[in-house]
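Asks:
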Amino acid sequence: MKGTLTQDGMTADATPREVERAAAGGAFFWLNLDIHDPGPDDDVTGLLINTFHFHPVAVEAVKWFGQRPRIDDYDDFVHIITFGMAADRKNVAEVHCFVTDKFIISLHQGDCPALATVCDRLGSHHAQQSSAPQAVIFYLIMDTLIDSFFPVLSDFDDSIDDLEGAILKNPTEEQLGTLFGMKRQIMSIRKVITPQRDMIASLNAGMVEIPGMTDQGSAYFRNLYDHLIRISDMVDAYRDLIGGAMDTHLSMVSNRLNVVMKQLAIIATIFLPLGFLTGFFGQNFAWPIAHLQVGFGYFLFLGLGSEVVAIVLLLILFKRRGWLGSGPMA
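First residue of the sequence shown? That's 3 in the numbering used here, and the numbers climb one at a time after it.
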């Protein structure tokens, strides 16, 4: 069994024997389990049902991860599903908490750095003076998970600014792929932040009670709600910024395409009279050729001179129209 068991200020590896001993005793404990890759002898479902006697519906949610944030109040325990950032800082980490009067159990899949800091904060945090230990631990779990979003969102701010500057200089397909990846990540955060905010709101409204919670301790959960409001606002703002950066990228690409098409149209327009003149004087008719052949003057004025004059006139027209350089388009 991969996890830790914290009891009487001491944290040790969780073994089936130690878990059974803690469950049979009367002292408060916190069991934190990583159920991503259970061993052959690990039966998390049996442990939750047979040892701790949790409701099968709540245990079923643990069996199938991929839930949405919610809080369910049962007769003798509260089941909470909450989220934070995973170790890779790209995906979200789902954490299930079972809170009772005698213990608290947290379960997650894979490495969750936010939970690793809870034990360090537990001994010195001032919240332990205002509520029972299970409420304090649950608050610290929620606090660390929620705060894990802030560094990621701060990186979003810097990345979006850098991307916008790079897009204005030279838009590339790689930048567009980066923007789509950022959009998917910000949407995955938004999917869990909104219901998690509503979950804490219902907790603060008294619709659900955490075992061991006091009026003095509820102030800490109101602070959690404020953090979630800030994160929700940041997510919406960055989603709009990413959408704006994508629009800027598409506009820059479209503008570059228009410039290329304008250049090609100018070149084609210049060669249009040249093709007409060479075709006219190169036609295979005896009378016009015989009457226009006047030696070197024919070659200078009608052969090359007319083409040079046509090019000069076209360039003057393009310049007045603003089609050359960055002048206004007529």
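Ideal Cβ placement from N, Cα and C applies to all residues, glycine included.
(1) Indicate the three-state DSSP secondary structure (helix, strand or coil) for glutamine 198 in the structure shown.
(2) Which one of Leu274, Thr53, Ala247, Glu175 has the shortest CA to CA distance from leucine 2?
(3) How would you call methionine 331, buried or exposed, if buried means at least 16 neighbouring beta carbons within 10 angstroms?
(4) Within its chain, find whatever has a CB closer than 7 Å to the CB of threonine 8; leave out the 5 residues flanking it on each side and keep chain order.
(5) What residue does the alpha helix (DSSP H) around glycine 167 start on, and which one ends it?
(6) Whose CA, out of His38, Val237, His98, lies closest to the CA of arginine 70?
(7) On the three-state DSSP scale, how would you describe methionine 144?
(8) Can you tell which of Thr6, Asn225, Gly11, Asp145 has its C-alpha closest to the C-alpha of proline 18?
(9) Taking C-alpha atoms, which residue in Tyr141, Phe85, Leu317 lies nearest to glutamine 218?
(10) Would the beta-carbon of leucine 147 fall within 9 Å of that of glycine 86?
(11) With 16 other CB atoms within 10 Å as the buried threshold, where does glutamine 265 fall?
(12) Would the beta-carbon of phenylalanine 100 fall within 9 Å of that of histidine 81?
(13) Tell me which residues share the same chain as histidine 38 and place their Cβ nearer than 7 Å to its Cβ, disregarding the 5 neighbours each side in the sequence.
(14) Can you check whether the CB of aspartate 163 is closer than 9 Å to the CB of leucine 334?
(15) Might you give, ordered along the chain, the residues of its own chain that have their beta carbon closer than 7 Å to the beta carbon of valine 194, omitting 5 neighbours on each side?
(16) Would you kindly work out how many angstroms separate the C-alpha atoms of asparagine 52 and threonine 196, rounded to a whole number?
(17) What does a CB cutoff of less than 8 Å around glutamate 20 pick up in its chain, not counting 5 residues either side in sequence?
(18) Alpha carbon to alpha carbon, what distance is there between aspartate 10 and isoleucine 139?
(19) With a CB to CB cut of under 6 Å and the five nearest residues on each side skipped, what residues in its chain are close to leucine 155?
(20) So is phenylalanine 223 buried or exposed if we call it buried at 16+ other beta carbons inside 10 Å?
(21) Indicate the three-state DSSP secondary structure (helix, strand or coil) for asparagine 93 in the structure shown.
(22) Per DSSP, what kind of secondary structure is glycine 86 in: helix, strand or coil?
(23) Look at the Cβ atom of phenylalanine 158, then the Cβ atom of methionine 189, and state whether they are nearer than 9 Å.
(24) At which residues does the beta strand (DSSP E) containing alanine 14 begin and terminate?
(25) What residues match up with threonine 8 in a beta bridge as DSSP calls it?
(26) Which value, in whole angstroms, describes the spacing of the CA atoms of alanine 116 and aspartate 145?
(27) Using CA coordinates, which residue listed in Leu315, Thr174, Arg186 is at the minimum distance from lysine 92?
(28) Using CA coordinates, which residue listed in Ala312, Leu170, Ser150 is at the minimum distance from aspartate 249?
(29) Just to confirm the assignment, what range does the beta strand (DSSP E) spanning leucine 109 have?
(30) Starting from aspartate 74 and walking both ways along the beta strand (DSSP E), at which residues does that stretch end?
(31) Among the candidates Ala239, Leu205, Gly245, Asp149, whose CA atom is the shortest distance from the CA of glycine 179?
Replies: In brief:
(1) helix
(2) Residue 2 is absent from the structure shown; the chain starts at 3 and stops at 332.
(3) Here methionine 331 scores only 42 on pLDDT, less than 50, and its place in the model is too uncertain to base an answer on.
(4) Phe31, Trp32, Cys121
(5) 151–171
(6) His98
(7) helix
(8) Thr6
(9) Tyr141
(10) yes
(11) exposed
(12) yes
(13) Gln111, Gly112
(14) Coverage of the chain is limited to positions 3 through 332, which leaves residue 334 absent and any answer about it impossible.
(15) Pro71, Phe85, Val94
(16) 34 Å
(17) Leu7, Ala14
(18) 13 Å
(19) Met236
(20) buried
(21) coil
(22) strand
(23) no
(24) 12–15
(25) Thr13, Trp32
(26) 9 Å
(27) Arg186
(28) Leu170
(29) 105–110
(30) 72–75
(31) Gly245
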